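Notes for the one structure printed next.
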Amino acid sequence: MAINSRERAVQYFKLAIEHDERERYEEALDSYLQGLHVLHAAIKNENDQSRKGEMNEWMKTYLSRAEKLKEWLNKKSPKKEVEVLVEAHSSLPSLSDLYSLRLSSGSATVTNFRGKAIDALIKVRSWVQQERAKAMPISDVCLLLRYLHLSG
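When you line the sequence shown up against UniProt numbering, it's residues 1 to 152, in that order.
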């Protein structure tokens with residue numbers, strides 16, 4: 001028997017609450033976001049207005065919690081993210097060298113650096129989807145790394 005979107009969203013929210021109670025906030029945030037994504041699709045496909053209203057209330061509640069977690073996580077450890085990034089990818093240029101890179105966009109060095117930077121971003125920010133990260137221009141990747149460095 002297939003699980004419908006509404007039931008799948010409930011499963012994500014239960015998992016998120018479980019992570020939240022265990023103070024595993026990054027995992028909780030990820031589960032809340034997955035649940036919200038699935039719930040959004042369920043709301044679009046729901047014809048019963050009372051169920052739709054109920055799901056909209058869930059959306060507000062869990063979106064609010066996800067926003068609070070994201071805000072708290074961003075305040076808590078921007079420096080930790082940079083440290084994890086540098087430790088995980090010691091072959092990346094130093095942060096001070098990062099901003100002064102002036103390489104042609106087609107060079108193998110840029111391609112190699114871009115791939116390592118994207119891998120680092122995915123590890124540091126678990127909610128970054130790999131497809132979206134790969135589509136980011138190198139300038140955006142560098143700006144994000146710079147933001148992480150400056151906010152630390």
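The beta-carbon is built from N, C-alpha and C at its ideal position, and this holds for glycine as well.
Note that the structure is predicted; figures quoted are calculated from it, not measured.
So, using beta-carbon positions, are residue i and residue j closer together than 8 Å?
| i | j | result |
| --- | --- | --- |
| K60 | L29 | no |
| A16 | L39 | no |
Classify residue i: buried if its beta carbon has 16 or more other beta carbons within 10 angstroms, exposed otherwise.
| i | result |
| --- | --- |
| A41 | exposed |
| S64 | exposed |
| G53 | exposed |
| H37 | exposed |
Is DSSP giving residue i helix, strand or coil here?
| i | result |
| --- | --- |
| R22 | coil |
| E46 | coil |
| N56 | helix |
| N4 | coil |
Return the chain-ordered list of same chain residues with a C-beta closer than 8 Å to the C-beta of residue i, the five sequence neighbours on each side being excluded.
| i | result |
| --- | --- |
| Q49 | none |
| N4 | A42 |
Taking Cβ positions only, does residue i come closer than 8 Å to chain E?
| i | result |
| --- | --- |
| L36 | Among the chains in the structure shown there is no chain E, since it carries only a single protein chain. |
Could you name the residues of the same chain whose beta carbon sits closer than 7 Å to that of residue i, not counting the 5 residues immediately before and after it, in chain order?
| i | result |
| --- | --- |
| W58 | L39 |
| Y62 | F13, Y32, G35 and L36 |
To the nearest angstrom, report how far apart residue i and residue j are at their CA atoms.
| i | j | result |
| --- | --- | --- |
| E18 | G35 | 13 Å |
| D20 | Y12 | 12 Å |
| N45 | M55 | 11 Å |
| K68 | K76 | 12 Å |
| R51 | R22 | 30 Å |
| N47 | R24 | 36 Å |
Identify, in the order they occur along the chain, each residue of the same chain with its Cβ nearer than 6 Å to the Cβ of residue i, setting aside the five sequence neighbours on each side.
| i | result |
| --- | --- |
| R6 | A42 |
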